[in-house]
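Protein chains in written order, with the working numbering: chain A, 2 to 483; chain B, 369 to 834; chain C, 12 to 99. Below is one structure, written out as C-alpha cells, with a few remarks after it.
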Amino acid sequence: MSLAISAIDYINGIKNNTITAEEFVSKTLEHIKKHEPRLHAFISINESAVDQARQIDKKIKSGQKVGAFYGMPISVKDNICVKGGKTTCASKMLENYISPYDATVVTRLKDQDAIIIGKTNLDEFAMGVATEFSAFGPSKNPWNIDYVPGGSSGGSAVSVAALESVLSLGSDTGGSVRNPGSFCSIVGFKPTYGLISRYGLVSYANSIEQIGPMGRRVEDVALLLNNISGKDQHDPTTIHNEEQDYLSGIDTGISGKKIGIIKEMSSGAGLDSTVESVFKNAVSAFEKLGANVQEISLDMIQYTVATYYVLTTAEAGSNLSRYDNLRYGYDLDSEGYEFRQYISKARHKFGAEVTRRMILGGFVPSAGFAGKYLLKALKVKSKLKKQIQLAFSKFDFLISPTVPVLPFKFGEKRDDPLAMYLADINTVTANLTGIPAVSVPYEVRHGLPVGIQIHANILQEKKLLQVAYALQGTTKLPEVPL
Amino acid sequence: MIGLEIHCQLTKLESKLFCTCKADYRSFEPNTNICPVCMGMPGTLPRLNKKAVEKATMIAMALNCKTPERLGFFRKNYFYPDLPKNFQITQLTMYGPTSIGEQGKVSIEGKEIRIRRIQIEEDPGRLIYEGASERTAITLVDYNRAGTPLVEIVTEPDFDSPRQVRIFLNVLSDLLQNLGVSDPTLEGAMRADANVSIEGGNRVEVKNIGSFHDLEKAIHFELTRQQSLKERGIEIAQETRHWDDKRKITISSRSKEEDEDYRYILEGDIPWIIMDEKSVSSWRQKMPESISSKKDRYITKYGIPPQVADVLSSDKYYSDLFEQAHNEKNAKEIANFITTDLMGLVDTREKREQAKITPKHLMDLAEKISSGQVTRSSAKNALSEIVKTGKSVSDIISSIGLAKISDESEIDKIIDEVISQENTAVQQAKENPQTINYLVGKVMQKTKGKADPTITLNLFKKKIGL
Amino acid sequence: MVTKEDIEHVARLMRIDIENADEYFDRIQKILSYFDILDKANISDEEIPVQQIAIDDLREDKHIAFDDKLIEQLKNYKGQYVRAPKMN
C-alpha cells in the first residue's frame, strides 16, 4: 500500500475494500516516526489515531453511514484548536495550553470521520515566511533539508509533501498556505475571506486571515473545501457559499477564459530568473489550454507589503494582548511580582519576530502615529480592492509566480526582516482584498519546487479550482525524495 | 460645570453582549458564568447580541439621540487583570458616526442636558482583594461579569449643581426601568463617573464612585476643592481623581492611564451592522409608552392629581399594576391605593419580589369600597395582608373581619364607650364642633377602621347634641 | 525618525520586557522607514473598508451555559478565583 495516493484514491480504496483505515493510519504513523527526526513537521501526534481508525473501519463494515473522509489522516496547523490536546501556536507562551473546545473546521472534519493525525509546526503565532521562527525548532523542506519549507504553515506543507498526511489545514494571512505550498510542491489554497470559519483559529490578523486547505492534488483540496466551508454561527465574519460543490465539474477546462499576468509580481529585479522561466512555461501551458493570456499592471501592488505589515502588526499587537500568562500559558509563579512587572516578564517568552511585530503593532495605531500609518494603510486597502475589481472586469483570473524567489537556505533571510517581508509581495494582495488564490505546484528545478499562483474574484472558488486543475494536468511532478 | 459618564448594565437581557452566558451574573458562584468566548480564550470570536442592539437603540431614542446608519465596534487596548482579552470591545466616534446614539437631550426641571454620545460596550470582570486589604499582593478575579452588556451614556458638562445630577440620574433610572432594559437598583447595574470644572479652571475627572449618594458628595467635594484652590490663586490641574469612600474626599490618581495609549483599532471580528430603516422603526413602535406620556394621560384622562400621577408614572412597578387594574370608574381610587397605602409595603426590590399582590386584588378592593362593603381604612389594613399572603380580597375581609360596620346600634354602643372614656374631648367637641373628628377617630380605632365613618359622625353629633 | 526611547516606551505599552532596545532598534527603525512609502499613495479620498451585515444576522438573546467547568481548566485559579498579581 502506498502512502503517496491522493485523497480521492484513498476514498476509492476504502470503498473498494483494497485498504482499511486502520492499515493506512498505522502505516502513516510508522512513516511519520521514521521521518520526523529529520523533517520535524509535527509539534504533536495523535497517539489514539489507530484506535480511531479502527472505529471507523467498524462503522464501514457494519454498513452505517460514514463521513466523507473515511478515516483519512489529516494534519492540522498548531494554531487551530483541537479540544483536549495541546494548541501551542509554536510558542513558549502556549507551551502547555490545552484548548477547551474544537475549532469549527475540526468539528466538521471529525463529523466527516477524518482522523486528525497531528498538529503541525508553524512560525510562532503564524508570523513568518519560513517556519524558522517556531519556538520548537524549524521544519525542513523534504525536497532538500537544508532549505526552508516556506511559512508560516511549513509543518502542514511538509506533512503533505512527505506523505505524513493526505491533507492538511493551514492558515493564510499573507501567503502562509500558498508560500509553503510553492516551496514544498503541493497545492495551497486560500479561500475568499469569510468562506471558512475562523472560530478556533488563534487570531493573528483577524480581518484578513483564512484557514487554507492543502493537499497533493487540486481535486483533493476541492474535497476538503467542500466539507469545511460555509457559514458558521460562531464566526460572524463568515459568508454564505450557496452550498457549492467544488469537486463537481472540476475538469471543465478553461477554453476561452481570459487570464491576466500581474506585471508587478511577474517581472522586475526581485524576480529570480529560474522562477521566471518556470512561470513562462506555465503561461504557455495556459495558452495551449485555450486561454487568452495578457499582461495587466496594478500599480497599487507597490504599497501592499507596507500596507500588509502596518495592518497585521496592529491587529497582532491587539490579538496577542490576551497572552499575559494569568489564565493560561506556561509555568511561571506570580508570587512576589506586581501586575505590570509580572506580565511583562511573562511575555518575554515571545520569540524575537513576534516581539518585533508587537512593537510595530504598538506604534502604528498609537495616538501619535495612527494617522500616518494605520489610516493610510486602510485607505490603500480600499483602493487596492477597487483596482482588483476593475481587473476582474477584464479578466477571469490573475496569475503570477507564487513566490518571486526559490526556496532559500535556513538563516538566509532571518537577519534581514525587510527582505523577508518583501518575499510576501506576490501573496499579500489576495489577503488584503479578500479574493481567493491558489498555488499550484508546477516544476522542480535544481531540486527546488516552484509554484504558480492563480487568483479569482470573490466567491469564485469553483472556477479557480477548475483553472488550477487544468494547469495541474499540464505538468508531471517528480516524486519527493524520501 | 459638571458632566457625567454613566455605565448602565442591560440586566434584563438573557445573555451577555458577545456570548450566551447569562447577562445578570449576580446569582452565580464565582467563575461559573463563563465560557471560552467571554474568557477570550485563543481562537474565540464575539457574537453580538441582537436584543442588546435593539434595547440600546431604544435607550438612544428615549434620550432623543440620532442613531447611525451603520453600527461599528472598536477595540480599546489596555492591560488589566479584569479584562480577559486585555482589550475592551466598545464603540468610538472614529471613521464617522458609528455609536448607537449621538447628540441627544433630556430636560430636567426646564434645564436641557445634552447627551453627547451613547455607546454599547462590554463590562470587565470583578477584582477582589485577598484579605480585603489594599496592601496585599494578590488580587482575585471573578470573570462572571466579563462581557455583560453595557450602555455608556456621556453627557455634555451641562449640569449646574449636584442636585441636578441627582435628579437626572433618577430620571434616567426610571427611564431604563420603564423601557424594560435594566433594573438600575441592582448592585453595580448603574455606575457613574463625573467630570467637574469651575470657571477658569481645568477639567477634573472623578472616578470610582460607588453609589449615587456618593456621587453627589463627590461632586460637591470637588467643587469646593476647586473653588478653594481658585481663591488661593492655585491652578486647578487637569487630572483624574478617585473618590475615597472612607475619607469622603477625592484623591489624585497615579492613574493607570498615565502614558496609556489605547491604540484604538477596528474590531475586525464584528462586521458593521446596517441599521436599516425597517428594523429601527419597528423598534420605535415597540418602545413602551414614555413616562411623561403616561403622566399626561393619567392627569387628563382620569383626573388623577399631578403629584400622584408623577409617582405612578415614573415607577414601572406601580404603573404596571395601575395599567392592569384600572378602569374609568376606579382609576383614581386605585391610583390612590398604590401611591399612599401600598407604597410603604413594597418600597424595596426584595419586598416587591416577595409581594403577592396582583392587579385583581386592587380591582376587587376598589369594588368593595365603591359598593360600600368595606371602608377605606379597612382596605388599607387589608392591603398588608394581601401583600403578605396573596389571599383573595373576600377571604381576607371575612377572615380578619374587615366588613364595614353599618349597623347603627353596633356603632352606637362603641360611641357610648368612647363618650365614657373621653370626657374632656366630648366637652371640647361641644364647644368646638370641628374637633369631633378626634372622637370619630376613636370609634374607628376601636372598630379597627370598619365603622362607616359617615354614619359614625352623624350618630356622634346627634348624641352629643350638635 | 523614531528613537530608542520611543521603542522602549512602546515595549512598555505592549507590556513586553525587552532586555535592551538596541537589539530591536535598527530593524524597527528600518521597517518604520519603509512604511513611509504609504505617503506616496494617492488615497486621501478613500473610505475605510469594512465588512457589513444585517441586523437579522445577529445572535438571538438566549442563555446557553457552557457545559464544562471552564474555571478548572485555567491555570492560576485558587478555590473559585483566578489569582493575579495586584496593580500598584
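Glycine included, every Cβ here is placed at the ideal spot set by N, Cα and C. The structure presented is a predicted model; accordingly, all values stated were derived computationally and were not measured.
Open item on the list: Could you check whether the stretch 138 to 149 of chain A touches the stretch 445 to 453 of chain A, counting it as contact only if at least three pairs of C-beta atoms, one from each stretch, sit closer than 8 Å?
Closed with: Per the Cβ contact rule, the stretch 138 to 149 of chain A is in contact with the stretch 445 to 453 of chain A (3 or more Cβ pairs under 8 Å).
Task: Within 7 Å, strictly: CB atoms of VAL755 of chain B and ILE725 of chain B - done: yes
- [ ] Excluding the 5 residues preceding and the 5 following ALA22 of chain C in the sequence, name in chain order all residues of the same chain whose CB lies nearer than 6 Å to its CB.
- [x] ILE29
Task: Where ILE488 of chain B sits in the DSSP three-state scheme - done: In this structure, DSSP gives ILE488 of chain B an extended state, which the three-state scheme calls strand.
Open item on the list: Can you confirm whether the stretch 325 to 343 of chain A touches the stretch 415 to 433 of chain A when touching is taken to mean that 3 or more C-beta pairs between the two stretches lie within less than 8 Å?
Closed with: no
TODO: Kindly indicate which three-state DSSP category HIS36 of chain A falls into: helix, strand or coil?
DONE: helix
Open item on the list: Using the Cβ count rule (16 or more neighbours within 10 Å means buried), how would you classify SER305 of chain A?
Closed with: What sits at residue 305 of chain A in the sequence shown is Thr, not Ser. Buried, by the Cβ-count rule.
Open item on the list: For SER752 of chain B and ILE764 of chain B, what's the separation of their Cα atoms in angstroms?
Closed with: 10 Å
TODO: Note down, one range per segment and in chain order, each beta strand (DSSP E) of at least 3 residues found wholly within the stretch 104 to 187 of chain A.
DONE: As far as the stretch 104 to 187 of chain A is concerned, its whole beta strand (DSSP E) runs of at least 3 residues are 116 to 121, 168 to 173.
- [ ] Using a Cβ cut-off of 7 Å (strictly closer), state whether ASP56 of chain C contacts chain B.
- [x] no
- [ ] Give the single residue among A:ASP52, A:THR238, A:GLU125 whose Cα lies nearest to the Cα of GLU96 of chain A.
- [x] A:GLU125
Task: CB contact check: ASP28 of chain C to chain A, cutoff 7 Å - done: yes
Open item on the list: For HIS456 of chain A and GLN390 of chain A, I'd like the C-alpha separation in whole angstroms.
Closed with: 12 Å
Task: Closer than 9 Å at the beta carbon, the chain B residues around HIS241 of chain A - done: Simply none; closest approach about 14 Å.
TODO: Say whether the stretch 684 to 694 of chain B touches the stretch 643 to 654 of chain B, bearing in mind that this needs 3 or more beta-carbon pairs closer than 8 Å, one atom from each stretch.
DONE: no
- [ ] Return the Cβ separation of VAL26 of chain A and GLY72 of chain A in integer angstroms, given the expectation that the two are a contact with Cβ distance under 8 Å.
- [x] 7 Å
Open item on the list: Judging by CA-CA distance, which residue of B:ILE496, B:GLU696, B:GLN471, B:LEU807 is the nearest neighbour of ASN512 of chain B?
Closed with: Per the Cα distances, B:ILE496.
Open item on the list: Could you check if LYS759 of chain B belongs to the surroundings of the ligand PLP, using beta carbon to heavy atom distance under 6 Å?
Closed with: In the structure shown, the ligand PLP is absent, as is every other ligand, since no ligand is present at all.
TODO: Classify ARG600 of chain B as helix, strand or coil using the three-state DSSP reduction.
DONE: coil
Task: Euclidean distance between Cα positions of GLU625 of chain B and TYR448 of chain B - done: Because the pLDDT of GLU625 of chain B is 49, which lies under 50, any placement of that residue in the model is unreliable, and the question is left without a value.
Open item on the list: Buried or exposed, going by whether 16 or more other CB atoms sit within 10 Å of the CB of MET301 of chain A?
Closed with: buried
Task: C-alpha gap between LYS410 of chain A and ILE426 of chain A, whole angstroms - done: About 19 Å.
Open item on the list: Going by C-alpha to C-alpha distance, which of B:LYS700, B:ASP542, B:ALA514 sits closest to CYS387 of chain B?
Closed with: B:ALA514
TODO: Can you say whether ILE602 of chain B is buried or exposed, counting buried as having 16 or more other CB atoms within 10 angstroms of its CB?
DONE: exposed
Task: Any 3 or more C-beta pairs closer than 8 Å across the stretch 456 to 471 of chain A and the stretch 231 to 250 of chain A - done: yes
- [ ] List the endpoints of the continuous alpha helix (DSSP H) containing GLY363 of chain A.
- [x] 353 to 364 is the extent of the alpha helix (DSSP H) around GLY363 of chain A.
TODO: Could you name the residues of the same chain whose beta carbon sits closer than 6 Å to that of LYS258 of chain A, not counting the 5 residues immediately before and after it, in chain order?
DONE: Its chain contains ALA292, ASP397 as the residues whose beta carbon lies nearer than 6 Å to that of LYS258 of chain A, once the 5 sequence neighbours on both sides are disregarded; these appear in chain order.
Open item on the list: Going residue by residue through the stretch 9 to 67 of chain A, where are the continuous beta strand (DSSP E) segments of at least 3 residues, counting only ones entirely within it?
Closed with: With a minimum length of 3 residues, the continuous beta strand (DSSP E) runs that stay inside the stretch 9 to 67 of chain A are 43 to 46.
TODO: Grab the span of the alpha helix (DSSP H) containing SER777 of chain B for me, first residue to last.
DONE: 776 to 789
- [ ] With a 10 Å radius around its C-beta and 16 neighbouring C-beta atoms as the bar for buried, classify ASN454 of chain B as buried or exposed.
- [x] buried
Task: Bridge partner(s) assigned by DSSP for CYS387 of chain B - done: Note: CYS387 of chain B sits in no beta bridge, so no partner.
Task: 7 Å Cβ cutoff, LYS111 of chain A in contact with chain C - done: So, not an interface residue.
Open item on the list: Between the stretch 279 to 295 of chain A and the stretch 377 to 385 of chain B, can you find at least three pairs of beta-carbon atoms closer than 8 Å?
Closed with: no
TODO: Name the two residues that bound the continuous beta strand (DSSP E) containing HIS729 of chain B.
DONE: HIS729 of chain B -> not in any beta strand (DSSP E); alpha helix (DSSP H) instead, spanning 727 to 738.
Open item on the list: Does ARG438 of chain B come out as helix, strand or coil in the three-state DSSP assignment?
Closed with: strand
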